[in-house]
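Have a look at the structure below before the remarks.
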Amino acid sequence: MKGWLVSLVFLWSAWCGATPVSLVVDHVPVAQVLQALAQGRQLNVVIANGGERLVSLRLVDVPWEQALSVVLEIAELEGKVQGNILRINTREWANQQRQAQREEKAQQQSRLPQKQSVFVVQHADVERVASAIRELGDNGLSGSGSMVVDKRTSRLMLNDTQQALDRVQALVELLDLPLGQVELAAHIVTINQQSLQELGVKWQGSSRQVSGSAELAVTGGGTSLGFNIGRVDSNLLALELSALEQRQQLDIIARPRLITAHQQPASIKQGSEIPYQTSGTDSSAATIEFKEAVLGLEVTPVVLPDKRVRLNLRITQNAPGQVLQRAEGDVMAIDKQEIETRIDVRHGDTIVLGGIFQHKQRDGVAQVPVLGSIPLIGGLFRHQIKEDERRELVVFITTHLAEI
11 MKGWLVSLVF
21 LWSAWCGATP
31 VSLVVDHVPV
41 AQVLQALAQG
51 RQLNVVIANG
61 GERLVSLRLV
71 DVPWEQALSV
81 VLEIAELEGK
91 VQGNILRINT
101 REWANQQRQA
111 QREEKAQQQS
121 RLPQKQSVFV
131 VQHADVERVA
141 SAIRELGDNG
151 LSGSGSMVVD
161 KRTSRLMLND
171 TQQALDRVQA
181 LVELLDLPLG
191 QVELAAHIVT
201 INQQSLQELG
211 VKWQGSSRQV
221 SGSAELAVTG
231 GGTSLGFNIG
241 RVDSNLLALE
251 LSALEQRQQL
261 DIIARPRLIT
271 AHQQPASIKQ
281 GSEIPYQTSG
291 TDSSAATIEF
301 KEAVLGLEVT
311 PVVLPDKRVR
321 LNLRITQNAP
331 GQVLQRAEGD
341 VMAIDKQEIE
351 TRIDVRHGDT
361 IVLGGIFQHK
371 QRDGVAQVPV
381 LGSIPLIGGL
391 FRHQIKEDER
401 RELVVFITTH
411 LAEI
């Protein structure tokens, strides 16, 4: 018994689960420690076996439940409070009891009549549903049950007890829900700043830079890039854009429209492919390959409550860069910029993506009809025109939740 008990102190003031416990012991039978813990909670204690194991520990201001858990863990015991009795057994005995209960339950289920049932999975992936059923263990199929997955027809064929079939049916109904459908209508335009202001675009942030985005520098060419995100009233957007196009204040490049589902990516690309020549070898001739120079927009919508949608946006801008002079031929570099951001919108809202600026130069001659074509004096009725217009490539995206 020498050196068993060094210090055993409990601090409690009332019957409370959060009562702190301080405990310092050195080579003490775990039965004595458990008896002291039970006394601190005014519990009776029954230790079937395993109480002779010696433990050493130091706990200061630890909740009672945590202290009990630590003692049981280091002594390889399991405990259960039933009423005002704390019952203690070895972990090995507890595992044997659980195994015996499982075997008895399996025998009982094997004697129950089994039925066949077929579940049709209409919206979810049938293999994922089957995997979820298997992962439930006894809460899904019984020990004697079986399941066949037919991926071609998206069916689950089960043979099990009625109770197990009812559990599986409830799970299938919970998982087999249609995904929210999202319709994205985009307008890709080039527009001058005055017309953009007429549309009433409200950019986020004082500097038109959306929170979390980054300025992206472009090397070469007459284009500067810094993606911005804003909002605009979408009620008459299509009509307003058409009116500005008729007044030659913008150019509508494309009007893509697509439908995607909750958490399913959708992409829009606008641009061209640049051909370039690859060098040949002694046995093969040079070939022509293509590189994309496009404005790309990838959207992954997440349907939220209250008719809201979270748009995970990935925007890329690939533009022709410098031409590299090589002995086997010229090679064109592609300048690539990319940004990812996220924005929440409501059903029917329109977001605006801008920040790609281009300079458009035009030289021409304006003249008075007929008079400007008269020899000698026609010069009095015509003059040279030189325009240098700065336009912005802007993408309008209107989000609608489709009815399911």
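Residue 58 in the working numbering sits at position 48 of the sequence shown, and the numbers go up by one each step. Quick reminder that beta carbons are idealized off the backbone N, C-alpha and C, glycines included. Being a predicted model, the structure only gives us computed values, none of them experimental.
In the pairwise beta carbon analysis, the segment 153 to 166 is classified as not touching the segment 205 to 212: fewer than three pairs are separated by under 8 Å.
Between G358 and the set V81, A58, E193, the nearest pair of CA atoms involves E193.
For S154, the three-state secondary structure derived from DSSP is coil. DSSP places R68 in the uninterrupted beta strand (DSSP E) bounded by 64 to 73.
Between the segment 43 to 52 and the segment 101 to 114 there are fewer than three inter-stretch CB-CB distances shorter than 8 Å, so the stretches are not counted as touching.
In this structure, H410 is the residue among P330, V304, H410, S154 with its C-alpha nearest to the C-alpha of D354. One thing to note: E402 has its Cβ no nearer than 9 Å to the Cβ of Q274. Rounded to whole angstroms, the gap between the alpha carbons of E208 and P330 is 32 Å. The C-beta distance from I98 to V43 rounds to 11 Å, too long to meet the 8 Å contact threshold. Following the DSSP letters along the chain, one finds D176 inside the alpha helix (DSSP H) bounded by residues 172 to 185. The beta carbons of Q173 and S152 sit closer together than 9 Å. Non-local beta-carbon contacts of L260 in its own chain, meaning distances under 6 Å to residues more than five positions away in sequence, involve V199, I201, S205, L254 in chain order.
In the three-state reduction of the DSSP assignment, A329 falls in the strand class, which pools E and B.
With fewer than 16 neighbouring CB atoms inside 10 Å of its own CB, A412 falls in the exposed class. Within the model, the alpha-carbon separation for A140 versus V159 is close to 7 Å. Note on geometry: alpha-carbon atoms of G150 and A180 lie some 10 Å from one another. Judged by DSSP in its simplified three-state form, E145 adopts helix. Here V40 really is in contact with A85; their C-beta atoms are around 4 Å apart, less than 8 Å. D71 and S32 have their alpha carbons spaced roughly 5 Å apart. For A343 against Q332, the beta-carbon gap comes to about 5 Å, under 8 Å, which counts as contact.
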